[in-house]
Amino acid sequence: SKSSAVSNHDVYIAGEVVGVATQMINVVSNYQLLSYPFSCDIGINQMSFTNSASASATPVLSDKLYVWTGTNFVSYGLKFPDRQWHNLKNWNGAPVSDVLKAGQGFWYFAKTNFTWTETNRYLSSF
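Residue numbers for the sequence shown follow the numbering used here, so the first one is 1 and each next one is one higher.
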């Protein structure tokens with residue numbers, strides 16, 4: 001709900017744990033709403049976007065992630081040459097260690113089309 005709404009609404013997502021070895025997601029240039037494709041928390045810099053996404057030495061030319069915190073968006077850019085996500089407000093700082101919760105969505109801005117391929121990190125636990 002937007003901040004001027006009279007009340008908030010909770011949304012619950014339920015289902016089975018994803019039991020496949022790999023997930024492939026087509027990412028298109030421009031904005032799209034995505035989430036990590038497996039049933040677990042994940043560090044932003046642990047996702048494999050860094051393998052195919054556009055990284056740049058300047059924020060304006062990099063792919064970006066926008067994560068809603070409940071009060072505002074935190075913006076990240078994929079920096080070159082380390083190919084790690086950096087907070088856009090602290091571009092020259094260290095790569096972030098922020099974590100996405102299981103099922104948490106985020107806006108992704110891609111400079112070009114690519115396929116995001118993730119490997120299931122918990123499959124061997126079944």
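Think of the CB as a built atom: it goes at the ideal place given N, C-alpha and C, for glycine as much as any other residue.
- Query: Going along the chain, which residues of its own chain have a beta-carbon closer than 6 Å to the beta-carbon of Tyr12, five neighbours each way excluded?
  - Reply: Within the sequence shown, the letter at position 12 stands for residue 12. Apart from sequence neighbours up to five positions away, no residue of its chain approaches Tyr12 with a beta-carbon distance below 6 Å.
- First through last residue of the beta strand (DSSP E) which encompasses Met47: By one-based count along the sequence shown, residue 47 stands at place 47. Per DSSP, Met47 lies in no beta strand (DSSP E) and is assigned neither H nor E.
- Task: Give the single residue among Asn8, Tyr31, Val18 whose Cα lies nearest to the Cα of Asn113.
- Result: Taking the first residue of the sequence shown as 1, we reach residue 113 at position 113. Of all alpha-carbon atoms in Asn8, Tyr31, Val18, the one lying nearest the alpha-carbon of Asn113 is that of Tyr31.
- Message: Assuming Asn120 and Val27 are in contact, meaning their beta carbons sit under 8 Å apart, how far apart are those beta carbons, in whole angstroms?
- Response: On the sequence shown, residue 120 is found 120 positions in, with the first residue counted as 1. On the sequence shown, residue 27 is found 27 positions in, with the first residue counted as 1. Actually they are not in contact, since the Cβ atoms of Asn120 and Val27 sit about 19 Å apart, beyond 8 Å.
- Whole angstroms is fine: what's the gap from Tyr122's alpha carbon to Gly93's? By one-based count along the sequence shown, residue 122 stands at place 122. By one-based count along the sequence shown, residue 93 stands at place 93. Annotation: Tyr122 to Gly93 spans about 31 Å, alpha carbon to alpha carbon.
- Message: I need the straight-line Cα distance from Lys89 to Ser124, nearest angstrom please.
- Response: To locate residue 89, count along the sequence shown from 1; it is residue 89. To locate residue 124, count along the sequence shown from 1; it is residue 124. Cα-Cα distance, rounded: 38 Å.
- Express the C-alpha separation of Tyr36 and Glu16 in angstroms, rounding to a whole number. The residue given as residue 16 occupies position 16 in the sequence shown. The residue given as residue 36 occupies position 36 in the sequence shown. Straight through space, the alpha carbons of Tyr36 and Glu16 are spaced by roughly 15 Å.
- Task: Confirm, please, whether the CB-CB distance from Trp116 to Ser54 is below 8 Å.
- Result: If you number the sequence shown from 1, residue 54 lands on position 54. If you number the sequence shown from 1, residue 116 lands on position 116. No, the pair does not count as a contact, with Cβ atoms beyond the cut-off.
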